[in-house]
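Asker:
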Amino acid sequence: MKKKILSVLLCAAMIGTMSVVPAFAAEEETTEAATEATTEAASEAETEAAEEETVVANGDYKIALITMDSVDQHWVSLKEGAEAEAEADSVTVDFMAPDVKDDAKQIECINNAVAGGYDAIMVAANSEDAISGALQEAVDAGIKIVYVDSPANVEAEATYSTDNKAAGKIAGEQMIAALEEKGITEGTIGIVNINTSTNSTILREEGFREALDGSNYEILETQYCEGDAAKAQTIAENYITEGVVGIFGANEGAATGTGNAIKASGSDSIVGVGFDKSDTLKGLIEDGYLYCTMAQNPDVMGKLGVQACIKALNGDDLGGEVTDTGVTVLNKDNVADF
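Per this note's numbering: the sequence shown = residues 7 to 344.
1) Just verifying my parser: in three-state terms, what is the DSSP assignment at C298?
2) Buried or exposed: where does V62 fall if 16 or more other Cβ atoms within 10 Å of its Cβ makes it buried?
3) Below 8 Å on the Cβ atoms is my guess for S133 versus D109; work out the distance and round it to an integer in Å.
4) What is the DSSP secondary structure of L71, counted as helix, strand or coil?
5) Leaving out five residues before and five after F344 in sequence, what residues of the same chain have Cβ atoms less than 8 Å from its Cβ?
6) By how many angstroms is the C-alpha of K107 removed from the C-alpha of D234?
7) Is any heavy atom in the ligand ATP found nearer than 6 Å to the beta carbon of A260?
8) Looking only at C-alpha atoms, which of E161, N170, A342, Y297 sits nearest to K269?
9) Are the Cβ atoms of M307 and Y166 separated by less than 7 Å?
10) Taking only runs that begin and end inside the stretch 148-188, name each unbroken beta strand (DSSP E) of 3 or more residues, in chain order.
11) Between which two residues does the alpha helix (DSSP H) holding T329 run?
12) List the whole-angstrom C-beta distance separating G252 from I276, where the pair is believed to meet the contact cut-off of C-beta under 8 Å.
13) For the 8 Å Cβ check, are there 3 or more pairs between the stretch 109-127 and the stretch 180-196?
14) Expressed to the nearest angstrom, what Euclidean distance is found between the alpha-carbon atoms of Y67 and D95?
15) Could you give the DSSP three-state label for T60: helix, strand or coil?
16) Can you list, in chain order, the residues of its chain with a C-beta nearer than 8 Å to that of T98? Leave out the 5 residues immediately preceding and following it.
17) Please list, in chain order, all residues of the same chain as Q112 whose beta carbon is under 6 Å from its beta carbon, the five residues on each side excluded.
18) Apart from the five residues just before and just after A256, which ones in its own chain have a Cβ nearer than 7 Å to its Cβ?
19) Have a look at P157 and A147 and give me their C-alpha separation to the nearest angstrom.
20) For G311 versus V129, is the C-beta distance shorter than 7 Å?
21) Taking only three categories from DSSP, how would you classify A342?
22) For L141 versus V160, is the C-beta distance shorter than 7 Å?
23) Name the DSSP bridge partner or partners of A126?
24) Whose C-alpha, out of A260, A242, L218, is nearest the C-alpha of E232?
25) The alpha helix (DSSP H) with T262 in it runs from where to where?
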């Protein structure tokens, strides 16, 4: 079963963008409509989650939270949301993420959670295939699995994540609108992604590419940075040397590197569009080096993930539901509010 928090508003943002931009005609209303609608969807998603009744745990549950790494602000926000909910519900959440995005290290964290006697694991899979064996062993040991942000190929109690393909499509539409505003109607565009195995960012790229289908823009071969901002900057600088008109950074590190590369280039004609939210990305938007970023709601993922773990451990059947936690378009007009 798939459920979306205020998904109608998110879809309305996409439809509104496409209807305002037939044949990719640039109009100021495009950006404003998409921003307002997606912002409303995300903020109402947070409100709905916050107003959800406190879940009563039937035991002294221990939950392991394993994200892709422990550094990106996205994961820190998810952790904070999970810990706040755990405190409210009188359960334990331990953050066990690796220091870098690495399949072997994430598998080690999963194995440690199994050995440590945890009742449930909340996990954001770095690779949907690589960690599935370790997760299946956890399931076989009686541990409940809940996905946050990025799933693997093992059946879970529930999943709480962004509709990444839809959000990626909005990012592509924002790229087109920004380029058209500058009078740029053709040219090459680069994509900086994490890798070829992270499900969430693969879907973002698919949505981004779909948005540009049929336009006069050519998307170059995707380059990968493993989420490292320094590597992403080098990749983006190479794209700039090749003469791109725009670059899409598919996660926080990729977006940070993209913005820094545009800043270093001194150019005001290259459009940078990012994904995720951090103080650094907000600063790059305020200073004009990134046009916008797609901000997720990781705290909502963390909160709802903990609630799902408790419900599953209490014996409730969640049916493997998938919930879209929303996305907000942050640009120069609204970034100060976030």
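Note that CB positions come from ideal geometry on N, CA and C, so glycine has one too.
Answerer: Once the coordinates are examined:
1) strand
2) exposed
3) Rounded, the Cβ-Cβ distance is 5 Å, consistent with contact.
4) strand
5) K283, K288, A301, T334, L336
6) 9 Å
7) Looking at this structure, you won't find the ligand ATP or any other ligand, since it has none at all.
8) Y297
9) For the 7 Å CB-CB criterion, M307 and Y166 form a contact.
10) 150-154, 164-167
11) Annotation for T329: no alpha helix (DSSP H) segment contains it, though the beta strand (DSSP E) segment containing it runs 327-330.
12) 7 Å
13) no
14) 10 Å
15) coil
16) D66, Y67, K68, I69, A92
17) P104, N132, I137
18) I197, V198, N199, I200, T207, R210, E211, F281
19) 19 Å
20) no
21) Assigned with DSSP and collapsed to three states, A342 falls in helix.
22) yes
23) The secondary-structure analysis by DSSP pairs A126 across a beta bridge with I69, K150.
24) A260
25) 258-271
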